[in-house]
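K.L.:
Numbering (the numbering used here), first residue to last: 197 to 443.
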């Protein structure tokens, strides 16, 4: 492999990490502290909801559309397959950053919890953060930016998919989505646009999780079907599953 190809590969990894990782940091700051209000548009309350809804829908379509097997197959026919995951991270990070920077806040405050209730809402953030760390550790090789795919290609080492069930994955099938929901709903104050954000993104996570389940069944087959029958999707209402019963 030439030096130019290696330089290109590392440049794409860097761009994916910066755009993808940077957008996730912005998202964390957004859900904890509220809209940044860096770009103010002169919109009425009704126009704010239309605009914010448009931004959210654009991200949902990009994020969920690019992860579909049909789109990945189309993309891999046009660029090297090992760059697909990084391309997805770059696109998702870019669109998410646009959503967060251009989000318009409402002047209507619906409620501000006080006392113990405010403390309970505030506790959701550290719980969600700890959950993310736990969940990424349980995955073993968590690669949201496509770095491993590219490095495996550079080293001519094939990357095999692994079906890992441990940690929070013994409680729910999608713990990272569960902790995202905790993060989204952890804001103690609710303006009209924040409630709109919470409702839209909760609905998208629920729908997106169901769509992702289809992909996982296609990838892992009967092993994942047995896992579905044993462990709940998002809410840990069954308690911790017996590891010995896992596929």
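Glycine residues also receive a C-beta, built at the ideal position from the N, C-alpha and C atoms.
From the DSSP secondary-structure annotation, give me the bridge partner or partners of residue 387.
P.N.:
305
K.L.:
Among residues of its own chain, excluding the 5 on either side of residue 372, which ones have a beta-carbon nearer than 7 Å to its beta-carbon?
P.N.:
Result list for residue 372: 328 and 331, in chain order.
K.L.:
Out of 246, 224 and 378, which one is the CA nearest neighbour of residue 430?
P.N.:
Ranking 246, 224 and 378 by Cα distance to residue 430 puts 378 first.
K.L.:
Using only CA atoms, which one of 360, 300 and 394 lies nearest to residue 337?
P.N.:
Ranking 360, 300 and 394 by Cα distance to residue 337 puts 360 first.
K.L.:
With H, G and I counted as helix, E and B as strand and the rest as coil, what does DSSP make of residue 364?
P.N.:
Three-state DSSP puts residue 364 in a helix.
K.L.:
Mind checking residue 333: buried by the 16 CB within 10 Å criterion, or exposed?
P.N.:
exposed
K.L.:
In terms of residues, what are the limits of the alpha helix (DSSP H) holding residue 422?
P.N.:
418 to 426
K.L.:
Tell me whether residue 246 is buried or exposed, calling it buried when 16 or more other Cβ atoms sit within 10 Å of its Cβ.
P.N.:
Exposed is the call here.
K.L.:
Just checking my contact of residue 285 with residue 212 at CB under 8 Å: how many whole Å lie between their CB atoms?
P.N.:
4 Å
K.L.:
Do you know offhand how far residue 385's Cα is from residue 394's?
P.N.:
12 Å
K.L.:
Quick check: the stretch 404 to 418 against the stretch 237 to 251, are there 3 or more CB pairs under 8 Å?
P.N.:
no
K.L.:
Just to check my reading of the structure: residue 230 and residue 320 have Cβ atoms closer than 8 Å, yes? What is that Cβ distance to the nearest angstrom?
P.N.:
With 8 Å as the limit, residue 230 and residue 320 do not qualify as a contact, their Cβ atoms being about 15 Å apart.
K.L.:
Could you check if residue 341 is buried or exposed, using at least 16 other CB atoms within 10 Å of its CB as the buried criterion?
P.N.:
buried
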